[in-house]
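J.: Listed in order, the protein sequences are those of chains A and B.
For the first sequence, position 92 (counting from the first letter as 1) is numbered 91 according to numbering that gives the first Met the number 0, and the numbering increases by one without interruption.
For the second sequence, position 115 (counting from the first letter as 1) is numbered 114 according to numbering that gives the first Met the number 0, and the numbering increases by one without interruption.
Attaching a single structure in structure tokens format; questions to follow.
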Amino acid sequence: MADDLILLNLWSSPFGMRVRIALAEKGLDYELIEEDLSNKSPLLLKMNPVRKQIAVLINKGRPICESLIIVQYIDEVWRHKSPLLPSDPCARAKARFWADYVDKNIYAIGKLVWGATGEIQEAAKKELIECFKVLEGELGDKPYFGGDSFGIVDVALIPFYSWFYAMETCGNFSIVAECPKLVSWAKRCMERESVSKSLPDQYKMYCFLLELKTKFQAQ
Amino acid sequence: MAEEVLLFGAWASPYSHRVEMALKLKGVEYKYVEEDLANKSPSLLKYNPIHKKVPVLVHNGNPIVESQVILEYINETWPGYPLLPKDPYERAIARFWAKFIDDKCLLAIFKASWGEEKEREKAAEEVPEFLNHLENELKEKRFFGGESIGMVDIVANFISFWVGAFEEAFGSELLTREKFPKLTNWTHQFVNNTVVKESLPPRDKLVAYLRNRFGGRNVSK
């Protein structure tokens with residue numbers, strides 16, 4: 000491989016999608032290895048012995064772990080094409096703050112929206128919409144969170160769009176009704192090949208999450 | 000225009016002290032504003048409307064929040080002492096450990112110390128496992144940053160000082176020399192560093208504070 004890149008991935012993981020989007024934005028070739036988390040490969044366990052999870056990017060034999068850390072690494076090494084972070088330190092700090100905000104909230108809350116029932120699910124739906132509204136506030140009238148250019152906050156958040164159908168169906172609510180700006184932003188991102196090729200079909204994701212939900216509830 | 004650097008912090012907050020350490024290592028002049036977290040100032044709420052927490056760095060009127068985001072900002076804005084390695088790969092490794100400390104270690108220590116009953120047991124098992132990863136990462140280095148203190152050491156400040164104060168306050172044992180000889184050595188090196196020493200709260204005051212406030216306080220990242 001020209002760039003000597005391997006990505007240990009899981010097709011359904013929003014974290015893996017972030018890395019795939021970043022690699023595609025930079026036009027990089029890589030080998031994609033699909034992991035089975037119920038039977039983790041020796042390579043995964045060797046490359047990420049501390050967390051034992053995907054995504055892991057292996058560049059020239061050296062592993063980088065944690066999706067947003069990987070995205071920053073990619074941005075720093077291949078910095079001349081499609082920058083994902085601004086150059087001004089203040090703007091960079093803002094971008095890191097919002098990427099961190101997405102990380103702190105969307106996965107955990109979203110999981111309860113499609114995965115839980117009753118009061119817990121209702122509370123999660125409310126929280127999710129609140130977070131989305133905060134994000135809409137930050138987005139404002141900009142085409143992307145990165146401004147005119149697609150950036151790290153967009154990369155951090157857009158994979159969760161693949162959960163929208165599942166969340167709406169399981170939660171019996173409409174995200175576009177509550178957060179139209181966010182959905183417009185998501186569709187704009189989906190027009191980018193890097194995004195549309197990295198996100199799975201929403202219905203396929205729904206079926207997969209439904210299976211997971213059944214497994215959680217059985218436990 | 001003269002440069003203005005303000006830091007909103009809380010004396011007992013390890014997150015707040017991280018920023019002080021970084022500013023001091025870089026030799027940046029700043030004005031410190033102590034926040035009463037039970038009665039937050041309008042300035043704090045204006046500068047950090049989303050999380051409403053300390054620390055907040057305000058540089059020429061621009062607020063930066065979240066301690067690790069602030070550390071990266073400080074590193075990029077002021078030249079001189081490097082808080083992170085220059086090499087992108089080494090930098091990614093440092094960021095990994097910083098995230099591991101905050102997301103896993105600190106969370107487990109909090110839960111093991113004053114979490115709900117059902118969370119405590121699991122957390123208590125995790126703490127030594129996580130500390131062991133840090134012990135192994137230190138290898139033969141003086142600091143996580145190598146010969147000198149770096150961002151990972153600063154983020155691990157909680158482990159070097161607050162854990163000890165907590166152990167004294169509650170008679171618990173999290174970090175022993177037998178189990179974690181390298182981490183223990185690192186702790187001594189770190190807290191005895193001239194700059195770090197200036198940035199730590201008084202030990203007795205912290206112990207008393209922890210005893211009084213067992214059960215949680217709105218201390219933040």
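Virtual Cβ for every residue (Gly too), placed ideally from N, Cα, C.
How long is the line joining the alpha carbons of K203/A and G170/B, rounded to whole angstroms?
T.: Near 53 Å, if we compare the C-alpha coordinates of G170/B and K203/A.
J.: Where does C169/A sit, in a helix, a strand or coil, going by DSSP?
T.: In this structure, C169/A counts as helix in the three-state DSSP scheme.
J.: Where does the unbroken beta strand (DSSP E) through V32/B begin, and where does it stop?
T.: Its beta strand (DSSP E) spans residues 30-33.
J.: Which residues in the same chain as L31/A place their Cβ atom closer than 7 Å to its Cβ, once the five residues preceding and following it in sequence are excluded?
T.: Excluding residues within five positions, the ones whose Cβ falls inside 7 Å are L6, N8.
J.: Mark P62/B as exposed unless 16 or more other C-beta atoms lie within 10 angstroms of its C-beta, in which case mark it buried.
T.: It counts as buried.
J.: Going by alpha carbons, who is nearest to D152/B out of A107/B, F95/B, L106/B?
T.: Taking only the C-alpha atoms, the option nearest D152/B is F95/B.
J.: So, helix, strand or coil for P179/A, using DSSP?
T.: Residue state, collapsed to three classes: helix.
J.: Helix, strand or coil for I105/A per DSSP?
T.: Looking at I105/A - three-state DSSP - the assignment turns out to be helix.
J.: At which residue ranges does the stretch 176-210 of chain B contain complete alpha helix (DSSP H) runs of 4 or more residues, listed in the order of the chain?
T.: Those alpha helix (DSSP H) runs which fall completely within the stretch 176-210 of chain B and span 4+ residues are 180-190, 193-197.
J.: At a CB-CB cut-off below 7 Å, which residues of chain A make contact with V18/B?
T.: Simply none; closest approach about 12 Å.
J.: Could you list the residues in the stretch 78-89 of chain B with a C-beta less than 8 Å from some C-beta on chain A, going in chain order?
T.: Residues P87, Y88.
J.: Count the other CB atoms, across all protein chains shown, that sit within 10 Å of the CB of R212/B; report buried if there are 16 or more and exposed otherwise.
T.: Counting Cβ neighbours within 10 Å, R212/B comes out exposed, since fewer than 16 surround it.
J.: By DSSP, does R212/B sit in helix, in strand, or in coil?
T.: R212/B falls in the coil class under three-state DSSP.
J.: Below 7 Å between beta carbons: does that hold for V154/A and I20/A?
T.: Yes. Within cutoff.
J.: On the DSSP bridge list, what partners appear for H58/B?
T.: H58/B pairs with V4/B, N61/B.
J.: Report the rounded CA-to-CA distance for E117/B versus E125/B, giving the unit in angstroms.
T.: According to the sequence as given, residue 117/B is Lys; it is not Glu. Rounded to the nearest angstrom, the two C-alpha atoms are 14 Å apart.
J.: Whose C-beta lies closer than 6 Å to the C-beta of P62/A among residues of the same chain, with five residues either side of it excluded?
T.: For P62/A, where only same-chain residues beyond five positions count, the Cβ hits under 6 Å are M46, V55.
J.: For T76/B, count neighbouring Cβ atoms within 10 angstroms of its own Cβ and tell me buried if that reaches 16, exposed if not.
T.: With 16 or more other Cβ atoms within 10 Å, it is buried.
J.: According to DSSP, simplified to helix, strand and coil, what is N74/B?
T.: Helix.
J.: Would you be able to state if there are at least three C-beta pairs under 8 Å between the stretch 102-115 of chain B and the stretch 84-97 of chain A?
T.: The stretch 84-97 of chain A vs the stretch 102-115 of chain B: no contact.
J.: Name, going along the chain, the residues of the stretch 12-35 of chain A whose beta-carbon falls closer than 9 Å to a beta-carbon of chain B.
T.: The residues in question: there are none.
J.: So K180/A and L138/A are supposed to be a Cβ contact under 8 Å. How far apart are they, rounded?
T.: Confirmed, Cβ separation roughly 6 Å.
J.: Thinking just about the alpha-carbon of each residue, which of T183/B, E172/B, G79/B, K52/B is nearest to the one in K140/B?
T.: With distances taken between Cα atoms, K140/B lies closest to T183/B.
J.: Who are the Cβ neighbours of W228/A in its own chain at under 8 Å, not counting the five residues just before and after it?
T.: Residue coverage of chain A in this structure runs from 0 to 218, which leaves residue 228/A outside it and unanswerable.
J.: Kindly indicate which residue of R191/A, K196/A, V112/A has the alpha-carbon position closest to the one of Y205/A.
T.: The shortest C-alpha separation from Y205/A is found at V112/A.
J.: Do the stretch 63-77 of chain A and the stretch 141-154 of chain A meet, that is, are 3 or more Cβ pairs less than 8 Å apart?
T.: Touching, per the Cβ criterion.
J.: Taking any Cβ of chain B, which residues in the stretch 95-108 of chain A have a Cβ under 8 Å from it, in chain order?
T.: Going along the stretch 95-108 of chain A in chain order, one finds R95, F96, D99, Y100 with a Cβ nearer than 8 Å to chain B.
J.: Please check the pair Q67/B and D101/B, which I expect to be a contact at CB under 8 Å, by giving their CB distance rounded to whole angstroms.
T.: With a Cβ gap of about 7 Å, Q67/B and D101/B count as contacting.
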